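Chemist: One structure coming up, written as structure tokens, with questions to follow.
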Amino acid sequence: MKKTKIVATIGPASECQEMLEKLSKAGMNVCRLNFSHGTHEGALLQVQNIRAVAEKLKTPIAILQDLSGPKIRIGDFYQERVILKKGTIFTLTTKACVGDETKAFVNYKALPKEVKKGNIILLDDGKKALEVISVSEDEVKCRVMVGGETKGRRGVNLPGVSLKISCLTPKDKKDLVFGIEQNVDFVALSFVRRASDIRELRGILAKSKSTAKIIAKIETHEAIENIDAIIEETDGVMVARGDLAVEVPAEQVPILQKMIIEKCNVAGKPVIVATQMMESMIKTPVPTRAEVSDVANSILDGADAVMLSEESALGLYPVETVAMMQKVALMMEKNYPHLDVLAESILGDHANGNSVQKEVVDAVTFSVVSAASAIGATAIVALTESGLTARMISRFRPAQPIIVMSPNVSVVNQAVLSFGCYPIYAENLMTIDEVTKKVRALAVAHKFAKKGDKVVIVAGMPFGSSGGTNMLLVEVI
11 MKKTKIVATI GPASECQEML EKLSKAGMNV CRLNFSHGTH EGALLQVQNI RAVAEKLKTP
71 IAILQDLSGP KIRIGDFYQE RVILKKGTIF TLTTKACVGD ETKAFVNYKA LPKEVKKGNI
131 ILLDDGKKAL EVISVSEDEV KCRVMVGGET KGRRGVNLPG VSLKISCLTP KDKKDLVFGI
191 EQNVDFVALS FVRRASDIRE LRGILAKSKS TAKIIAKIET HEAIENIDAI IEETDGVMVA
251 RGDLAVEVPA EQVPILQKMI IEKCNVAGKP VIVATQMMES MIKTPVPTRA EVSDVANSIL
311 DGADAVMLSE ESALGLYPVE TVAMMQKVAL MMEKNYPHLD VLAESILGDH ANGNSVQKEV
371 VDAVTFSVVS AASAIGATAI VALTESGLTA RMISRFRPAQ PIIVMSPNVS VVNQAVLSFG
431 CYPIYAENLM TIDEVTKKVR ALAVAHKFAK KGDKVVIVAG MPFGSSGGTN MLLVEVI
């Protein structure tokens, strides 16, 4: 059983039910809907198709709504592309205009107030560089440092500049209403800069009584500076390496990726690694060796999930790409350093004054993984109301699959994102006898254990309440 989860972006190449079914069978666990493109009508069809396939296959498939966020862009040029020449003056203006070799409209009205002389402005994913030489009320005059051919509507990045722009644009809020109405499982927040960005989104979700979990996309230098507070506030993290590599030097990204993943592992927050993982497979049926190594090392770093973007949304070989990711994941998991991966970091953190409840959860979940290893258990069964128990076990990366039993449908779907978790819907169980009877029945039905196998069961007493993981039980099927 594959433990690493695969997030596939859904688009024209993959949105029909036939293709979604093939992707699920190939190893896809989560469908990402990119709200930077398309319409609500198109997204609704995608949601309906995903749910239909999940019902047909009797397997949970989570839906992740990725909000486009406040992407700063230049406007159109008078022709498809222009050439910016090194050393020339190029002006960014907040006044609507058609651009040329000397100027371009920029869609962020506050830009002149937030940059100053000497700041560097990057265009086109960092391929072009401008240096600010003067600022007026509605213009930023720059000198072209790195020029070349560019097109309109390209992105603008401001490394080292702390922007006051909100993470949630008016478009995002409209898209969020749609996502809430469709009961999406996750909402990815783009260009997160600080923990307050997540609290703003959480407030909107709470008012709407949405159970969606928040995925913070780390793609700005400010997010790196505030990473501890962001991880504490969010439900999960996406390492969005595309924009991140523009905001910080590219050679730092691998180190930052490892750092973010380890912090998420310790906190028990699922972490996704994204961007250009198997980009060559957009057009070719096999990946490069470098791409295979990238996926492999992300898994060995401790990622819960790896993500495909254009490869599955627009590519010629979406099923083959997911299948290749699964092959790499299965190979890496055979060589995964189980059990003690983060035990020292997690359990050693208690000296910092954690709550008694956290210490109990840490101790019990580590004991579960230790016991499963010691007795040669076939599986770990986690009974959970909120999904917390399963996530806390998952961070120790046990060799056994974690069977997540929950009476909460949203928890069942959300658990598919966590490493090694295989969720099953189960009604509320109120006694130990009911629990053991249900585990035996599900073990046979779902083939995660057979007669004579040992499974380790973990839950919270009293049953039916969340946040109180305190019971460990060994059951022989």
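Counting in the working numbering, the sequence shown runs from 11 upward without gaps. Glycine included, each C-beta is placed from N, C-alpha and C at the ideal position. Since we're looking at a predicted model, the values are computed, not measured.
If you reduce the DSSP assignment to three classes, tell me which class Ala284 lands in.
Modeler: strand
Chemist: What does the alpha-carbon distance come out to for the pair Thr446 and Glu485?
Modeler: 7 Å
Chemist: May I have the straight-line CA-CA distance separating Ala382 from Val466, to the nearest angstrom?
Modeler: Inter-residue distance for Ala382 and Val466 is about 6 Å (C-alpha atoms, whole angstroms).
Chemist: Give me, in chain order, the residues of the same chain whose beta-carbon lies closer than 7 Å to that of Tyr91; leave out the 5 immediate sequence neighbours on both sides.
Modeler: Reading the sequence as shown, one finds Arg at residue 91 and not Tyr. Only Glu159, Thr160 and Lys161 meet the Cβ criterion.
Chemist: Are the CB atoms of Cys152 and Ile71 within a distance shorter than 9 Å?
Modeler: no
Chemist: Could you tell me how far apart the beta carbons of Leu488 and Ile228 are, in whole angstroms, since I believe they sit closer than 8 Å?
Modeler: No answer is possible for residue 488: it lies beyond the span of the chain, which begins at 11 and ends at 487.
Chemist: Using the rule of at least 16 other Cβ atoms within 10 Å of the residue's Cβ for burial, across every protein chain shown, is Lys279 buried or exposed?
Modeler: buried
Chemist: From Ala53 to Ile143, what does the alpha carbon distance come to, in whole angstroms?
Modeler: C-alpha separation (whole angstroms): 44 Å.
Chemist: Suppose the cutoff is 8 Å on Cβ atoms and the five residues either side in sequence are ignored; what does the same chain contact list for Val338 look like?
Modeler: Same-chain partners within the cutoff: Val302, Val305, Ala306 and Ile309.
Chemist: When burial is assigned at 16 or more other CB atoms within 10 Å of the CB, is Pro328 buried or exposed?
Modeler: buried
Chemist: For Leu393, which residues of its own chain have a beta-carbon under 6 Å away from its beta-carbon, when the five flanking residues on both sides are left out?
Modeler: Met415 and Ala469
Chemist: Enumerate, from N- to C-terminal direction, the unbroken beta strand (DSSP E) stretches of 3 or more residues contained entirely within the region 178-261.
Modeler: 196-199, 223-228 and 246-250
Chemist: Within 8 Å: the Cβ of Phe100 and any heavy atom of the ligand PLP?
Modeler: The model depicted lacks the ligand PLP and carries no ligand whatsoever.
Chemist: With H, G and I counted as helix, E and B as strand and the rest as coil, what does DSSP make of Asp76?
Modeler: strand
Chemist: Can you look up Arg153 in the DSSP assignment and give me helix, strand or coil?
Modeler: In the three-state DSSP reduction, Arg153 falls in the strand class (E or B).
Chemist: Would you mind working out which of Asp245, Leu74 and Ile240 sits nearest Leu186, comparing C-alpha positions?
Modeler: Leu74
Chemist: Applying the 10 Å Cβ sphere with the 16-neighbour rule, what's the burial state of Ala389?
Modeler: Ala389 should be labelled buried.
Chemist: In this structure, does DSSP put Val338 in helix, strand or coil?
Modeler: Residue state, collapsed to three classes: helix.
Chemist: Ser377 to Ala277, Cα distance in whole Å?
Modeler: 17 Å
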